[in-house]
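The letter at position 75 of the sequence shown is residue 119 when you use the numbering used here, and the numbering goes up by one with no holes. Just so it is clear, CB atoms sit at the ideal spot from N, CA and C, and this is done for glycine as well. Please read all numbers here as calculations on a predicted model, not as lab measurements. Down below is the structure, laid out as structure tokens.
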Amino acid sequence: QLFYLKGEQMLSVGGEATQVIEPPTAGQMLNVSVANIVYYLMNQVRRVVTNMASSLPATSTGELNKSLANADSLARQILAPLVASIQDSIEAIILTIHQED
């Protein structure tokens, strides 16, 4: 839980984190690094839980699954603004193309 909280605090937010026309900013690179670390950790924990499912108590498995849900939520929180910005930029480009015809 603490790892995901720290990751959330590290995120860069605002215009520089969501611009997609220029080269990636330092904030975007940080956000992508955090997302990659969260994704890697999530996959490794999921693998351990799967491999040890028969020997782990149900309460431990439940807590780990809650933690995995937090990781998934953090990854979505990181990527959602960037994906929305990409969609907006594509829409603006398409509208510009249609106006030029």
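Just how far apart, CA to CA, sit residue i and residue j?
| i | j | result |
| --- | --- | --- |
| Val92 | Tyr84 | 12 Å |
| Val89 | Leu108 | 8 Å |
| Thr62 | Ser99 | 44 Å |
| Leu77 | Ala124 | The sequence shown places Ser at residue 77, rather than the Leu named in the question. Rounded to the nearest angstrom, the two C-alpha atoms are 15 Å apart. |
| Asp132 | Pro101 | 47 Å |
| Thr103 | Thr94 | 15 Å |
| Leu46 | Met73 | 22 Å |
| His142 | Ala136 | 10 Å |
| Val127 | Glu144 | 26 Å |
Residues in the same chain with beta-carbon distance under 7 Å from residue i, minus the five sequence neighbours each way, listed in chain order, please.
| i | result |
| --- | --- |
| Leu118 | Tyr48, Gly51, Glu52 and Val82 |
| Gly71 | Ser56, Glu60 and Ala61 |
Please work out which residues of its chain come closer than 8 Å, Cβ to Cβ, to residue i, disregarding the five sequence neighbours upstream and downstream, and give them in chain order.
| i | result |
| --- | --- |
| Gln121 | Glu52 and Leu55 |
| Ala97 | Thr105 |
| Met86 | Leu112, Ala115, Asp116 and Ala119 |
Between residue i and the rest of its own chain, which residues show a CB-CB distance below 6 Å, the 5 nearest in sequence each way excluded?
| i | result |
| --- | --- |
| Ile130 | Val64 |
| Thr69 | Glu60 |
Which runs of the alpha helix (DSSP H), 4 residues or longer, sit entirely within the stretch 53–89?
-> Correct list: 59–62.
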